[in-house]
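Student: Below: one structure in structure tokens.
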Amino acid sequence: MHHVVLERWSRGASPLHRRDPRAKLFALAVFLVTLATARRNLVILAPLLFLLLAAGLLRARIPLGSALVRAGVVFTFTVPFAIISYLTGDPARASSMLLKSYLSALAVLLLVSTTPVPALLRGFEAVGAPRFLLMVAQFLYRYLFVISEEAQHMRKAALARGATARATLARHAKFQAAAGAVGALFARSYGRAEDIHRAMLARGFSGRFPAATPLRFARADAFFAALAAVAPVLARLAAERVA
Amino acid sequence: MHIPDGFLSTPVWAAMDAAALPAVAVAVRRAQRSFEDSRIPLLGVMGAFVFAAQMINFPVGVGTSSHLVGGALLAFTLGPAPACVVMAAILAIQSLVFQDGGMLALGANVFNMAIAGVFAGYLPYHWFGNGPWRRPAIFAGGALSVLVSAALALTELLLSHTPIPRAALGLSGVVFLVSAALEGAITLAVAQSLETIQPNFIRKPAARRYASVTLGAAAVLLAAVGVVFASTAPDGIEKITRVQAADPTTWLGKAEAGLAGVAIIYAVCLAIGRVVTRHRSA
Amino acid sequence: MTTPLIEVEDLHHHYDDGTAALDGIDFKLHPGESVALLGANGSGKTTFLLCLTGLLTGHGAARVCGLPVDKTNLPAIRRKLGIVFQDSESQLFMPTVLEDVAFGPLNLGMDPVAAQLRAREVLRLVGMEAVAAKAPYHLSAGEKKRVAIAGILAMQPDILALDEPTTFLDPPAQRSLIDLLRGLPQAKIIVTHDIAFARAVSTRAVFFDRGKIVGEGPVDDLVRRFAWDPQVESPGHAARYD
């Protein structure tokens, strides 16, 4: 499954994996803004930025082909708009939408495939995002796959239940069965949350989560941040200089 | 409805990022209130539930099926502020892990779906949840949450000059209404299922607490919907697209004006809300 | 006679609708003992464990390690009496194994570095140091159970309480668990339906029935008295009586 592969990639051991998440977030921010604000000579800038990301993926020993395909999920939204744009006589906008959305998705993928989600969330906390929100996201991610599996079981059960009704009645029966499945999933999830809270209390939780071990920013991280920030900016300057 | 990067113009995505930050901060503060960190597991797990619940298909005819979006349901069961936080966490995970929605566009997506959508979904229930209009209120909540999110997304796209021919706009309108109705129906069906399992899951709407804030929220809603209708009105589109071809600085001014309008109303509501809560605690 | 680690006198607990979940429980646990709690589902075994650590409020006299079970003593009691719940998935709620096992020590006020060291030590004890960096989701049921036990051991409790620990475990995992438990010096309370498991890890047993303890003694005695054996005669046997 999608997330399992990403989990595996994110627990690699390349130099990129070892960088402080804050450095990587900074690099991503610079890259995204450089890309988003570019308006001229995108046809030249895009390949340069692509090479940058591809180099990152290779250095991180992420399977390039799989990554490129995975980032292509964004095309389902962008292609229809690009087609309309092209047909209404604005091919520049069409290519801009396609290129920017794809490169952006690929850049985010590079970040997430070299940083496990918990470390990523710690990085966001260190740059000022609300801790409460990040911890909710942490618990969300922890139980995402557990509850998704439970949902799969319930989905099959709902299908089975709905399938017994006659054709014309079937749709309504299936609808109700689906509502019942979602309701049951809600109740199970709520119950699980209560179990988790009980387990927390049983191990001494007194209202506040203990602070996580602080991140340490090393020289290598500063180096990387500087390099990764300069590269897309240089690419943009170079691209805009042409013609 | 998850807008990727590369679609919104810089003033739009930057403004929406700026708008989403304080909104999320307020939601976090309200959600945390007297519970500190104790509710984190519940909110996280219910976020995972929404994600997972989106896999369960509701057949709606001619071989198509829909699924629960969940903003309104979360608002009825966890309360509006926690629901905002959960939806924001969901959108962040969707953007990061699944590349569903852009990173720079996250502010816009969060504002549309986690803030405005949740609030719009909660209002009908807040006003009518206690009386005989309870079921229509739940339906309306589900429908409005989708309608408002979609309208805001469309507004942002239009302000960014994403090319959308008039015919497509009309079609989008129809699609929005159908999706809204579906979300209403699905939300209602799930709410009824919950009522048979455990009536306490769906909270009683809080008494008169949010009076002024809801008035403010209603104003924001009207503004948002108003902007969309203004943009979709024939002369509206002509103006925007013609202006773009003519003079770059003017469209920038228009975009900023539109957003400034929404921002002003928003700021006014926040101010009203703050004054009222200070008054009440005095 | 050494002071009992747990002393319970006439403990009561009622459900919201008024029915008695615990209807006058008397119980003692001495150091080094390992007591199995047997009885039907809903007879009050789990409720009893939850009342001991204040996760449910009971009425009556209950003392853990000499401390009365009331609000002020709960932090200390929860340190001394660690519960391993039936569902390990809900007990291992942190993103990685190491962070989860360190949760208890951190809540006790240890600094992060010391807590991590303690966590690693305890993971070594249960044989799970290799999975320290893994997400709990990826572990097998047996591994999850060991990590959950590690999370409790990290708090250095005097008493270990386990609620149906062999659910989800296959026979090899059950054998590992038996070996692990036998090697731990703490006094133990083990809620279980698994007779063979109870026999292997407990020194005595008590039998719960509708909120009361109706029998006490060696596991096999209670099994005989209350017909608590799931074994049915095989078809070959039945043929003999034709």
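Taken in sequence, the protein lines are chains A, B and C. By the numbering used here, the letter at position 235 of the first sequence is numbered 235, and the numbering carries on one by one without gaps. Converting from the second sequence to the numbering used here requires adding 1000 to each position, the first position being numbered 1. Converting from the third sequence to the numbering used here requires adding 2000 to each position, the first position being numbered 1. Note that the Cβ used here is the ideal one computed from N, Cα and C, for glycine as well.
Helix, strand or coil for Phe2085 of chain C per DSSP?
Tutor: Residue state, collapsed to three classes: coil.
Student: Going by CA-CA distance only, name the one from A:Gly191, A:Arg188 and A:Val43 that's closest to Ala94 of chain A.
Tutor: Looking at the Cα atoms, A:Val43 is the closest of the given residues.
Student: Could you pull out every unbroken alpha helix (DSSP H) segment of at least 4 residues lying fully inside the segment 2014-2068 of chain C, listed in chain order?
Tutor: Those alpha helix (DSSP H) runs which fall completely within the segment 2014-2068 of chain C and span 4+ residues are 2045-2052.
Student: Give the straight-line distance between the Cα atoms of Leu2108 of chain C and Pro2075 of chain C, rounded to the nearest whole angstrom.
Tutor: Their backbone Cα atoms lie some 9 Å apart in a straight line.
Student: Can you grab the Cα-Cα spacing for the pair Met1016 of chain B / Ile1186 of chain B, in whole Å?
Tutor: Roughly 29 Å between the two C-alpha positions.
Student: Could you check whether the segment 44-54 of chain A touches the segment 94-111 of chain A, counting it as contact only if at least three pairs of C-beta atoms, one from each stretch, sit closer than 8 Å?
Tutor: With a cut-off of 8 Å, the segment 94-111 of chain A and the segment 44-54 of chain A count as touching, because enough Cβ pairs lie within range.
Student: Please list the partners that Val213 of chain A has in chain B, where partner means a Cβ-to-Cβ separation under 9 Å.
Tutor: The sequence given here places Thr at residue 213 of chain A; Val does not occur at that position. Correct list: empty, because the minimum Cβ distance to chain B is about 18 Å.
Student: Does chain A have any CB closer than 9 Å to the CB of Pro2136 of chain C?
Tutor: So, interface residue.
Student: Using a Cβ-Cβ distance cut-off of 9 Å, determine whether His1161 of chain B contacts chain A.
Tutor: With 9 Å as the cut-off, His1161 of chain B counts as an interface residue toward chain A.
Student: Note down the Cα distance separating Leu1159 of chain B from Arg1166 of chain B, rounded to an integer number of angstroms.
Tutor: Straight-line Cα distance between these residues: approximately 15 Å.
Student: Let me know the secondary structure DSSP gives Gly2215 of chain C once reduced to three states.
Tutor: Here Gly2215 of chain C sits in strand by DSSP.
Student: At a CB distance below 8 Å, what residues from the segment 1005-1024 of chain B approach chain A? Give them in sequence order.
Tutor: The segment 1005-1024 of chain B vs chain A, Cβ under 8 Å: Asp1005, Gly1006, Phe1007, Thr1010, Trp1013 and Val1024.
Student: Contact check, Glu2216 of chain C vs Arg2225 of chain C under 8 Å by CB: the rounded distance?
Tutor: With a Cβ gap of about 10 Å, Glu2216 of chain C and Arg2225 of chain C do not count as contacting.
Student: Can you tell me which of the three DSSP states Gly1061 of chain B falls into?
Tutor: Note: Gly1061 of chain B maps to strand in three-state DSSP.
Student: Express the C-alpha separation of Leu2106 of chain C and Pro1041 of chain B in angstroms, rounding to a whole number.
Tutor: Whole-angstrom Cα-Cα distance: 18 Å.
Student: Any idea if Leu64 of chain A is buried or exposed, counting beta-carbon neighbours within 10 angstroms, 16 or more meaning buried?
Tutor: Classification of Leu64 of chain A: exposed, given that the 10 Å Cβ count is below 16.
Student: I need the straight-line Cα distance from Ala2165 of chain C to Thr37 of chain A, nearest angstrom please.
Tutor: Residue identity check: residue 2165 of chain C is Pro in the sequence provided, not Ala. So the alpha carbons of these two residues sit roughly 58 Å apart.
Student: Does the Cβ-Cβ distance between Gly1142 of chain B and Gly1129 of chain B come in under 9 Å?
Tutor: Contact flag unset, no.
Student: Counting C-beta neighbours from all protein chains within 10 Å, is the total for Phe223 of chain A 16 or more, i.e. buried, or is it exposed?
Tutor: Exposed, since its Cβ has fewer than 16 Cβ neighbours within 10 Å.
Student: Anything in chain A within Cβ reach of Gln2091 of chain C, meaning under 7 Å, just list it in chain order.
Tutor: Here the neighbours are Ala199.
Student: Please say whether Val74 of chain A and Ala1056 of chain B have beta carbons closer to each other than 9 Å?
Tutor: The sequence given here has Ile at residue 1056 of chain B, not Ala. Cβ distance not < 9 Å, so Ile1056 of chain B and Val74 of chain A don't count as in contact.
Student: Within the same chain, show all residues whose beta-carbon is closer than 6 Å to that of Ala1292 of chain B, passing over the 5 residues directly before and after it, in chain order.
Tutor: Missing from the structure shown is residue 1292 of chain B; chain B here goes from 1001 to 1282 and no further.
Student: What residue does the beta strand (DSSP E) around Val2206 of chain C start on, and which one ends it?
Tutor: Unbroken beta strand (DSSP E) run through Val2206 of chain C: Arg2204 to Asp2209.
Student: Quick one, which residues of the segment 2126-2152 of chain C are near chain A if we go by CB-CB under 9 Å, in chain order?
Tutor: Cβ contacts with chain A: Ala2133, Lys2134, Ala2135, Pro2136, Tyr2137, His2138, Ala2148, Gly2151 and Ile2152.
Student: Give a yes or no on whether 9 Å exceeds the smallest Cβ distance from Phe1058 of chain B to chain A.
Tutor: Judged by the 9 Å Cβ criterion, Phe1058 of chain B is in contact with chain A.
Student: Among C:His2059, C:Gln2156 and C:Lys2071, which residue has its Cα nearest to the Cα of His2013 of chain C?
Tutor: With distances taken between Cα atoms, His2013 of chain C lies closest to C:His2059.
Student: Chain A partners of Asp2087 of chain C, CB-CB under 9 Å?
Tutor: Correct list: Arg192, Asp195 and Ala199.
Student: When you compare the CB of Gly204 of chain A with every CB in chain D, is at least one pair closer than 9 Å?
Tutor: Absent here is chain D; the protein component of the structure consists of chains A, B and C.
Student: Val79 of chain A lies in the beta strand (DSSP E); which residues open and close that run?
Tutor: From DSSP, Val79 of chain A is part of no beta strand (DSSP E) but of the alpha helix (DSSP H) over Phe75 to Leu87.
Student: To the nearest angstrom, how far is it from the Cα of Arg2120 of chain C to the Cα of Ala2132 of chain C?
Tutor: Roughly 8 Å between the two C-alpha positions.
Student: Between Glu1156 of chain B and chain A, is any beta-carbon pair separated by less than 9 Å?
Tutor: Answer no: the Cβ-Cβ gap between Glu1156 of chain B and chain A never drops below 9 Å.
Student: Report the start-end ranges of each beta strand (DSSP E) in the segment 1053-1097 of chain B that is 3 residues or longer and not cut off at the edges.
Tutor: The qualifying runs are 1058-1061 and 1064-1066.
Student: Are any of the Cβ atoms in chain C nearer than 9 Å to that of Phe145 of chain A?
Tutor: Closer than 9 Å: yes.
Student: If you follow the beta strand (DSSP E) that Ala2187 of chain C is in, where does it begin and where does it stop?
Tutor: Unbroken beta strand (DSSP E) run through Ala2187 of chain C: Ala2187 to Val2191.
Student: Can you tell me the Cβ-Cβ gap for Leu2038 of chain C and Phe2168 of chain C, rounded? I've got them flagged as a contact below 8 Å.
Tutor: No, Leu2038 of chain C and Phe2168 of chain C are not in contact; Cβ-Cβ is about 19 Å, not under 8 Å.
Student: Using the Cβ count rule (16 or more neighbours within 10 Å means buried), how would you classify Gly1131 of chain B?
Tutor: Label assigned to Gly1131 of chain B: exposed.
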